[in-house]
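Protein chains in written order, with the numbering used here: chain A, 16 to 402; chain B, 2 to 255.
Note that the Cβ used here is the ideal one computed from N, Cα and C, for glycine as well.
Structure first, then comments.
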Amino acid sequence: MDALDLARTQFAVTGSLHFLFVLLTLGLAPLVAIMHTRWTRSGAPEHERAVRFWGQVYVTNYAVGIVTGLVMEFQFGLSWSGLSRYAGDVFGAPLAMETLVAFFLESTFLGLWIFGWGRLPKWLHLACIWAVTLTAYASAWFIMAANSFLQNPAGAVERGGRMELVDAAALFTNKTLVFSFPHVISAGLFTAGMMLVGASAYRLRRGGEDAAFFTRSMRTGIVTAALGITLTVGFGYAQFGGIQEGKFKGDTAATPLALMMDVGNLMFFLAVFLMLPLVRFLPRWRWTHRLLMILTPVPFVLAVCGWLARELGRQPWMVWKKLTVADAMSPGLTPGMITVSLVGFTAVLGLLALTDYALIARLIRRGPRDLDLGAAAEERPAPALSL
Amino acid sequence: MELIWYAVFTLLLSGYFALEGFDLGVGLLMPVIGRTQETRDRMVAAMAPFVLANEVWLVAVAGALFGVYPHLEGEALFGLYPLVVAMLLAWVVRDAGLWFRRRIDGPGWRRFWDVTITAGSLGLSFGWGVALYAAATGFGSSLLHPLGLLLGVVVTLLFAWHGWTFLGWRAPETAGITRTGRALALSGLAAALPALAVLGGALPYLLDHSAPASTLGVMGVMALPFAPVMVLAQVWVWRFFRPGRSAVRTPSFF
Chain A
16 MDALDLARTQ FAVTGSLHFL FVLLTLGLAP LVAIMHTRWT RSGAPEHERA
66 VRFWGQVYVT NYAVGIVTGL VMEFQFGLSW SGLSRYAGDV FGAPLAMETL
116 VAFFLESTFL GLWIFGWGRL PKWLHLACIW AVTLTAYASA WFIMAANSFL
166 QNPAGAVERG GRMELVDAAA LFTNKTLVFS FPHVISAGLF TAGMMLVGAS
216 AYRLRRGGED AAFFTRSMRT GIVTAALGIT LTVGFGYAQF GGIQEGKFKG
266 DTAATPLALM MDVGNLMFFL AVFLMLPLVR FLPRWRWTHR LLMILTPVPF
316 VLAVCGWLAR ELGRQPWMVW KKLTVADAMS PGLTPGMITV SLVGFTAVLG
366 LLALTDYALI ARLIRRGPRD LDLGAAAEER PAPALSL
Chain B
2 MELIWYAVFT LLLSGYFALE GFDLGVGLLM PVIGRTQETR DRMVAAMAPF
52 VLANEVWLVA VAGALFGVYP HLEGEALFGL YPLVVAMLLA WVVRDAGLWF
102 RRRIDGPGWR RFWDVTITAG SLGLSFGWGV ALYAAATGFG SSLLHPLGLL
152 LGVVVTLLFA WHGWTFLGWR APETAGITRT GRALALSGLA AALPALAVLG
202 GALPYLLDHS APASTLGVMG VMALPFAPVM VLAQVWVWRF FRPGRSAVRT
252 PSFF
């Protein structure tokens, strides 16, 4: 492979890894915020358990979302400096806003939410998780705006061999943004819903003392998944109105697109016409639980297919009909350099991703007890006893 | 407009050095003063509530670099390719150590991630010295230039001292020293000095290479309404997690 193929592979691998975690973050954040709202209003211990348990799943997943995101952000300068040279004056604005405003606030409020447990006044503590949710959505919006500019360079003109921003409103109301953003957000809800369903199915199938807890979680998950997939499919089809001509002509982009649409439609029927009407019975029907568990990874696969279709369909353009990927690559990037970073990022991020999924699986296996999130102060033995 | 964004950029980078500097310093000191697992737990617990709010300053620096100095962004990051990759990996393993160390009970598991925290902190601190020297020389010098390596050692020691001062302020029993908030502010300023010096020297270059006024204007209009919230959120972090009765809470999530 030459440097270009390697650089594209690096971006695809790190980007897909990043999105697997971001997708669940986007879907779980509002669910955790809703659970926290319920707990704040009722003060009931079972509501607190739900926030702490699903909240810990959420933050455990968040960890790898952050670290893969760091690599994504710096990769533009490392491998694709031609993009910032040509279109940085336009493309840079939404990216800068994402980090400067959205992620900055998201990370600060998440820290306050995690470490302020039991210290912050309860309504302020609740406000923190809602702030995290809103800023996560804002992040997604800015990132989708940046990506949409690559798909359809609206709001900018080329002057003197470089793109210049002439209409900021057009940049942020890009026709390839208005439906792709809600598509991604709803896919996150669908993913988080199916995650709740799968995890609850595992616990209920095994039996045990937390049946009531996971019965509620499964119902929440089913309703969320049905709502999420309905919106995802709707906004998915709506995107075809604004698509670039000839985008899906080649097999490379058309194949993941077809897979996403076929399986996505199947999931829509499954979630809306089977799972939703049976929402009262499924927690008790143990024979369905294995199937519900198997479905958990499906939304992740579909989401990666969606990105592959969107990004492969853009080839060979970095900025549609303006700048090719080959011209966007950092001049002087050698296969040796990119091989070392590709191996390093893939190995480290891949291992961390596997570790993280193992930790989430372990958390679900152990259930809502001995949670780290929101744990009360340790009872330390008196000095005399510890001698 | 160029001058305002230069000020924002300088504030972000020096803020990162002053704030994340003590987190990295605590990470560096873990094998030095954290001989026992319990001491290391208390060291991590002392910095834990600040880390997420501090490291994000560098994320903002990178974003601002892309938005305000798009040309420099490509030049700087690509010019330092191996160093940036190494620093990113150091950052990743440091963060992973923090997030993962308490997820499974057991001394081996936690000790392993404590080592990654220290190794990551060391890689980042040392890397910053080398990167600043390279920036000061216009990315023309070798990454192994003796002066660059020396600056790496200086920044590492500076961060370690800043981290120690932080511990003396927030967890005096663990640090073995007691430091005031004023002392912490001073060590923070000292930690930011290398970044301030390089950015001060680069002022004419940066003003010349800013993004066009239209881009800067749009970003200003969009960022301005959120600036008070950002300041407020950072102030809250310091307000809620300042030392006091049971300031360092264990078990901490990290």
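Interface partners of MET220(B) on chain A, CB under 7 Å: ALA108, ALA111, MET112
Where do the ends of the beta strand (DSSP E) carrying VAL116(A) lie? Where VAL116(A) is concerned, there is no enclosing beta strand (DSSP E), given that its DSSP letter is neither H nor E.
Within chain A, the residues that SER215(B) reaches when beta carbons sit closer than 9 Å: ASP104, GLU179, LEU180, VAL181, ALA183
Sequence-distant residues of its chain with Cβ nearer than 6 Å to LEU4(B) (five each side left out): none
Rounded to whole angstroms, what is the Cα-Cα separation between LEU185(B) and HIS163(B)? 7 Å
If TRP165(B) sits next to LEU30(B), beta carbons under 8 Å apart, how far is it from one beta carbon to the other, in whole angstroms? 6 Å
Pick from GLY30(A), TRP69(A), HIS140(A) that is closest to GLN90(A), judged by C-alpha positions: GLY30(A)
Are ASP104(A) and LEU186(A) close, meaning C-beta to C-beta below 8 Å? no
Below 8 Å between beta carbons: does that hold for ALA234(B) and THR123(A)? yes
For TYR7(B), name the three-state secondary structure that DSSP assigns. helix
DSSP state of MET44(B), grouped into three classes? helix
How about VAL45(B) and VAL86(A): do their beta carbons lie closer than 8 Å? no
What is the residue span of the beta strand (DSSP E) that GLU224(A) lies within? Segment: none, GLU224(A) is in no beta strand (DSSP E) and carries neither H nor E.
From PHE263(A), VAL294(A), ARG231(A), ILE81(A), residue whose alpha carbon lies closest to that of ARG329(A): PHE263(A)
Give the DSSP-derived three-state secondary structure of MET2(B) in the structure shown. coil
Answer with yes or no whether the minimum CB distance from ALA155(A) to chain B is below 8 Å. no
Is it buried or exposed for GLY201(B), if we count other Cβ within 10 angstroms and need 16 for buried? exposed
Short CB-CB distance (under 8 Å) between GLN235(B) and chain A: yes
Since VAL249(B) and ALA47(B) should fall inside the 8 Å C-beta cutoff, what is the C-beta to C-beta distance between them, to a whole number of angstroms? 5 Å
Could you check what DSSP says for THR181(B) in three-state terms: helix, strand or coil? coil
Among the candidates LEU367(A), ARG301(A), TRP132(A), ALA324(A), whose CA atom is the shortest distance from the CA of THR251(B)? TRP132(A)
Check the DSSP bridge columns for MET178(A) and list the partner residues they point to. GLU173(A)
Quick one: list the residues of chain B neighbouring ASP387(A), beta-carbon separation under 8 Å, in chain order. ARG103, ARG104, PRO252, PHE254
With a cut-off of 8 Å on the beta carbons, I'd call ILE34(B) and GLY177(B) a contact; round off their distance for me. 7 Å
Sequence-distant residues of its chain with Cβ nearer than 6 Å to MET220(B) (five each side left out): GLY68
As a quick exercise: from GLY243(A), LEU378(A), PHE118(A), pick the residue whose alpha carbon is nearest that of ARG218(A). LEU378(A)
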